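Undergrad: Provided herewith is a single structure, encoded as structure tokens, for subsequent inquiry.
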Amino acid sequence: MSPELAFLLTLTLRMAITAAFVITASIITERSGPVIGALVATLPISAGPSYVFLAIDHDAAFIAQGALTSLPINAVTMFFGLTYVYLARRHNVVVSLGTAMLVWFGLAILVRQFEWSLLGGLLANAVAFGICLPLMARFRHARMPLITRRWYDILLRAALVSTLVGTVVTLSATIGPAGSGILALYPVVFTSLLLILHPRIGGLPTAAVMANGGWGLMGFGIAVATLPLTAPRFGSAIALSVALATCVVWNLGLWAYGRMKIRAV
Numbered sequence: 007m008s009p010e011l012a013f014l015l016t017l018t019l020r021m022a023i024t025a026a027f028v029i030t031a032s033i034i035t036e037r038s039g040p041v042i043g044a045l046v047a048t049l050p051i052s053a054g055p056s057y058v059f060l061a062i063d064h065d066a067a068f069i070a071q072g073a074l075t076s077l078p079i080n081a082v083t084m085f086f087g088l089t090y091v092y093l094a095r096r097h098n099v100v101v102s103l104g105t106a107m108l109v110w111f112g113l114a115i116l117v118r119q120f121e122w123s124l125l126g127g128l129l130a131n132a133v134a135f136g137i138c139l140p141l142m143a144r145f146r147h148a149r150m151p152l153i154t155r156r157w158y159d160i161l162l163r164a165a166l167v168s169t170l171v172g173t174v175v176t177l178s179a180t181i182g183p184a185g186s187g188i189l190a191l192y193p194v195v196f197t198s199l200l201l202i203l204h205p206r207i208g209g210l211p212t213a214a215v216m217a218n219g220g221w222g223l224m225g226f227g228i229a230v231a232t233l234p235l236t237a238p239r240f241g242s243a244i245a246l247s248v249a250l251a252t253c254v255v256w257n258l259g260l261w262a263y264g265r266m267k268i269r270a271v
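Numbering (our numbering), first residue to last: 7 to 271.
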């Protein structure tokens with residue numbers, strides 16, 4: 007088998023595996039409401055596989071360096087969410103999601119201009135969450151209407167995430183760890199959910215999913231922050247496992263806290 011064919015087959019397999027993760031998570035989101043859906047959507051079901059595949063092709067130092075850029079990109083995603091939440095109340099999906107994407111790419115380009123340290127990335131997240139969480143808080147509660155699926159839903163989600171993973175893996179050697187860290191954290195799960203849900207159920211309930219995702223993104227940011235600390239010392243496999251465990255434990259804690267609040271009422 008030629009090296010080109012082997013690369014193509016491997017890339018296709020990677021894209022298919024990641025697409026399966028995202029499709030499964032998005033279906034759970036639609037059936038469980040905005041709170042549980044947001045917790046599922048903020049698990050590393052898109053960035054996680056991208057980083058795993060990067061770890062297969064690159065060493066631990068590459069992963070650690072990429073994570074230093076991914077960390078401020080997590081803060082950028084909070085502004086993506088804030089933009090969408092405020093526009094979705096009065097505008098269609100093209101305007102609200104399109105503007106949010108422009109904000110994300112604009113801020114991502116700004117992030118790319120700097121060399122980031124772990125402390126700098128943490129400070130960027132602290133500022134983003136300090137601004138965005140209070141502003142999104144009043145949009146977290148909305149009734150989730152019954153969703154009727156259309157034939158193209160799964161194809162759309164698969165195409166979005168497969169394109170992202172294929173781009174990250176293919177370009178990683180060219181754009182380096184910083185560029186890979188940026189692309190790996192593009193919010194493809196939220197993009198696919200918003201793109202599908204908004205036209206069917208309206209802006210308010212769809213915005214509630216995004217608004218509830220803020221606290222989950224905080225845990226995701228903490229998980230990303232563990233990578234520069236653990237990857238050089240313990241290797242990529244252990245570092246990525248620690249990051250995944252951090253996300254899962256954080257979101258389970260948020261779920262348990264929410265259940266306690268409901269019982270206390």
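Glycine included, C-beta positions come from ideal geometry on N, C-alpha and C. Computed from a predicted model, the values in this text were never measured in an experiment.
Using beta-carbon positions only, say whether Phe135 and Gly126 come within less than 9 Å of one another.
TA: no
Undergrad: Got a sec, what are the start and stop residues for the alpha helix (DSSP H) Ser76 sits in?
TA: 66 to 94
Undergrad: Do Gly43 and Leu1 come within 9 Å of each other at the CB atom, strictly closer than that value?
TA: Not covered by the structure: residue 1. The range shown for the chain is 7 to 271.
Undergrad: Which residues in the same chain have their Cβ closer than 6 Å to the Cβ of Pro183, if we skip the five residues on either side of it in sequence?
TA: Phe68, Gln71, Gly72
Undergrad: Is the stretch 99 to 106 touching the stretch 73 to 83 in the sense that three or more CB pairs, one from each, lie closer than 8 Å?
TA: no
Undergrad: On the three-state DSSP scale, how would you describe Pro211?
TA: helix
Undergrad: Among Val255, Ser242, Leu203, Ile207, which has the Cα closest to the Cα of Tyr57?
TA: Minimum Cα distance to Tyr57 is reached at Ser242.
Undergrad: For Val91 and Met224, what's the separation of their Cα atoms in angstroms?
TA: 17 Å
Undergrad: Mind checking Phe196: buried by the 16 CB within 10 Å criterion, or exposed?
TA: buried
Undergrad: Counting along the chain, where does the alpha helix (DSSP H) carrying Asn131 start and finish?
TA: 124 to 142
Undergrad: Report the three-state DSSP secondary structure of His97 (helix, strand or coil).
TA: coil
Undergrad: Specify, as a first and last residue, the run of the alpha helix (DSSP H) that Pro55 falls within.
TA: 53 to 63 is the span of the alpha helix (DSSP H), which, as asked, contains Pro55.
Undergrad: Can you say whether Thr83 is buried or exposed, counting buried as having 16 or more other CB atoms within 10 angstroms of its CB?
TA: buried
Undergrad: Are the CB atoms of Ala214 and Ala148 nearer to each other than 9 Å?
TA: yes
Undergrad: Take Leu49 and list the residues in its own chain whose beta-carbon comes closer than 6 Å to its own, dropping the five residues that flank it on each side.
TA: Cys253
Undergrad: CA-CA distance, Thr30 and Arg37?
TA: One C-alpha to the other measures close to 11 Å.
Undergrad: How many Å lie between Leu188 and Arg95 at the Cα?
TA: The sequence as given places Ile at residue 188; Leu does not occur at that position. Ile188 and Arg95 have their C-alpha atoms spaced approximately 29 Å apart.
Undergrad: Short of 6 Å in beta carbon distance, which residues of its chain neighbour Ala237, apart from the five on each side in sequence? Order them along the chain.
TA: Correct list, in chain order: Ala66, Ile69, Ala70, Ala245.
Undergrad: Among residues of its own chain, excluding the 5 on either side of Gly227, which ones have a beta-carbon nearer than 7 Å to its beta-carbon?
TA: Leu77, Asn80, Asn131
Undergrad: Can you look up Tyr192 in the DSSP assignment and give me helix, strand or coil?
TA: coil
Undergrad: Under 7 Å Cβ to Cβ from Val109, same chain only, skipping five residues before and after it: list those, please.
TA: Phe85, Phe86, Thr89
Undergrad: According to the neighbour-count rule (16 or more other Cβ atoms, all chains shown, within 10 Å of its Cβ), is Ile62 buried or exposed?
TA: exposed
Undergrad: Going by beta-carbon coordinates alone, are Pro40 and Arg144 separated by less than 9 Å?
TA: no
Undergrad: Where does Ala148 fall in DSSP's three states?
TA: coil
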